[in-house]
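First to last, the protein sequences are chains H and D. Note that the first sequence ends on residue 369 in our numbering; no numbers are left out. Note that the second sequence ends on residue 1184 in our numbering; no numbers are left out. Cβ atoms here follow ideal geometry from the backbone N, Cα and C, with glycine treated the same way.
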Amino acid sequence: MTHALQVENLRVSFPTGDGGLVYPVDGVSFTLDRGRTLALVGESGCGKSLTSLALLRLIPSPGRIENGSTILLGDTDVLSLRGEPLRKIRGRRIGMVFQDPMTSLNPVFTVGDQIAEGVRAHFDVSRAEARRRALMLLQEVGIPDPAARLDAYPHQLSGGMRQRVMIAIALSAEPEILVADEPTTALDVTVQAQILEVLDRLRDRHGMAVLLITHDLGIVAGRADRVAVMYAGQIVEEAPTERLFASPSHPYTQGLFASIPRIRGPIGRLSPIGGSVPAPGAWPSGCRFRPRCPRAFEKSETMPPLLPVGPDHRMRCWLAERERA
Amino acid sequence: MSPLRHALARAWRDPRGRAGALILAAVTLGAMIGPHLLPDPLAQPCVLTCRDLGPSLEHPFGTDDLSRDVLARVATGGRISLGVALLAVALSVTLGAVTGLVAGYLGGAVDTMLMRLVDAALAIPRLFLLLLVLAVWEQVPVLVLVLLIGATGWFGTGRLVRGEVLRLREEAYVRAAEALGASRRRIIFRHLLPNTAGPLLVAATLGVGDVILLEAGLSFLGLGVQPPTPSWGGMILDAKAVLVAAPWAGIFPGLAIVITVLAANLFGDALRDAVDPRGA
């Protein structure tokens, strides 16, 4: 069966000052199906944003996607495209919602113009028709009084409104896949929930596939169908959301859960994970979480593959073998 | 209200900006309607008795050594000088903007090539280049003068715009437009160009002052606007011969140059502060 999106062994390299290469995304694989949400979770610097940019071939220079990586969009091999065909999948097949609605809108255009731009980049329609669709999109993302907002400049809108506009722009070319890169990080908690509800509603109504990129496990629960946890350029654990929340298996995932405050249950101290994510290029040999891992053992000195720990549940840790045995 | 209109409104609230704008408007208006109300700037009402007359009611700025009305000539000369300046600046700003946008956004080999071209061009003294061409090409038409001044004046603007674009292309909204499938041309002209409008407008305003001075200098050397067409620089050249007998023939066009250039610079400075308040 073809998936809406299939990523295999994605590697992104950047040259270092001394002529070497680092791989901030190092062998990432996942699939995404229509009407589903996959959450890609990880700390800053784990490579999750670069992964999303790679889907549209927007890796900033001088970075590049390594040979041997595969990105299939339905039947389209994204990595073989150049020029006009590549431009045509941007926005049209994959829509992107960026993290910071304050800077992702062009300050010199009205939001109506910016939404209409996406419509006109992919459909041969008149200005009036593009404007009409822009109005409908504003309505769809739940902006009150959309007709008046159409002629507003970005600085005249609140952060939540701007993020809704960003979503409307991402939807303007009716993509099959919506990639939302930290869509709520810059927003108040109350507004966060509203924005996430908009995304859920749109996914269900249009049967889109959603790739939700976040550092916040809290917004994943009850929203994503699957979760992939990233650490140091790799996926370290992947499972259906309920299963991952019920039995997080990788020591890193367990560490993430241990550092979230709980509403129910006994009150104890939070236990954050010691240390911080090593920079690409400074990754240890073997398992990359080894230096911070409370359960590291001899075998951690060789890099583990993704090993099964349960039905549809895999992790990049040798403990999987031990627990199964 | 768009950011550019905000900047213009801020410049208008600045006393320098308002004074500059009002003076420029007055000079432009005078240059546009003056020639229709005033005597013919080429007319010589009488040959002997009307030469070198001092300012009077009939001739507020006096007459020159050929008995022509100096006020009428300042107004008509203003039309020429301002016209040359505006057209030449429009040309150089366009060339500079396109070069800077293309070099800055595309980067790589295109950028290197264009910027080395600009480096080379900036190494040639503009005035001497113009002097050379104009000295060889006698009786140069005004339109050619405009083209020459415009074509040699865009290098700085090109660099300025490129620098702006290098900064702007890292902006999230440019990335967002790319992710939306906007074409290169669209990103350059719809996203980058309007965001450089502020600095471009500043460069253009200050450029008008520069070009007025340049054209006046060339005309003063007899290489710019050719007689009998009046221009401010050319009038000062003519007045040089009668500096003692009829100083007004040189003073008034000189004042016109000073006032116009000063106004352009005042407005340009105010606009610069309004476009980028951090630099104020």
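When the five nearest sequence neighbours on each side are left out, the beta carbons in the same chain lying within less than 8 Å of the beta carbon of H/N53 are those of G71, V72, S73, G112, S113, T114, in order along the chain. H/V235 and H/E128 have their C-alpha atoms spaced approximately 37 Å apart. Residue pairing by DSSP places H/V254 opposite H/T81, H/L222 in a beta bridge.
Between H/P295 and H/R360, the C-beta gap is not smaller than 8 Å, which leaves the two residues out of contact. In the three-state reduction of the DSSP assignment, H/P59 falls in the strand class. When C-beta distances to chain H are compared with 8 Å, every residue of the region 1055 to 1070 of chain D stays at or above that value. In the three-state scheme derived from DSSP, where H, G and I count as helix and E and B as strand, H/L243 is classed as helix.
Given a length threshold of 3 residues, each whole run of the beta strand (DSSP E) inside the region 65 to 141 of chain H is given here in chain order: 65 to 76, 81 to 85, 114 to 117, 138 to 141. Using a Cβ-Cβ distance cut-off of 8 Å, the region 132 to 150 of chain H and the region 1073 to 1082 of chain D are in contact, since at least three pairs of beta carbons, one from each stretch, lie closer than that value.
H/A214 and H/V254 do not touch by the CB rule: their CB atoms are close to 11 Å apart, not below 8 Å.
In this structure, DSSP gives H/T154 a state outside helix and strand, which the three-state scheme calls coil. The three-state secondary structure of H/Q298, taken from DSSP, is helix.
Residue nearest to D/D968 within the set D/I1161, D/T1109, D/W1136, D/A1150 is D/A1150 (criterion: CA-CA distance). Inter-residue distance for H/H250 and H/L240 is about 15 Å (C-alpha atoms, whole angstroms). Under the three-state reduction of DSSP output, H/T234 falls in the helix class. Around the beta carbon of D/L1033, fewer than 16 other beta carbons lie within 10 angstroms, which makes this residue exposed. Looking at the DSSP output, H/L54 bridges to H/V72. Counting only Cβ-Cβ distances below 9 Å, D/R1079 has contacts in chain H at L97, L102, P104, M140, F142, S148, in chain order. The continuous beta strand (DSSP E) containing H/Q278 extends over residues 278 to 284. For D/L1141, no chain H residue has a C-beta closer than 9 Å to its own C-beta; the minimum C-beta separation is roughly 45 Å. Excluding five sequence positions before and after D/V1165, the CB atoms of its chain that fall closer than 7 Å to its own CB belong to G1113, I1116, L1117, given in chain order. Listed in chain order, the positions of the region 212 to 226 of chain H with a beta carbon within less than 9 Å of a beta carbon of chain D are I213, A214, S216, A217, V223. Annotation: H/G312 is outside any alpha helix (DSSP H) and is labelled neither H nor E by DSSP. Per the C-alpha coordinates, the member of H/D248, H/D244, H/S216 positioned closest to H/V155 is H/S216.
For D/M1139, the enclosing alpha helix (DSSP H) has its first and last residue at 1136 to 1144. The bridge partners DSSP lists for H/V271 are H/A83, H/A283. For H/H166, the nearest beta carbon of chain D is closer than 8 Å to its own beta carbon.
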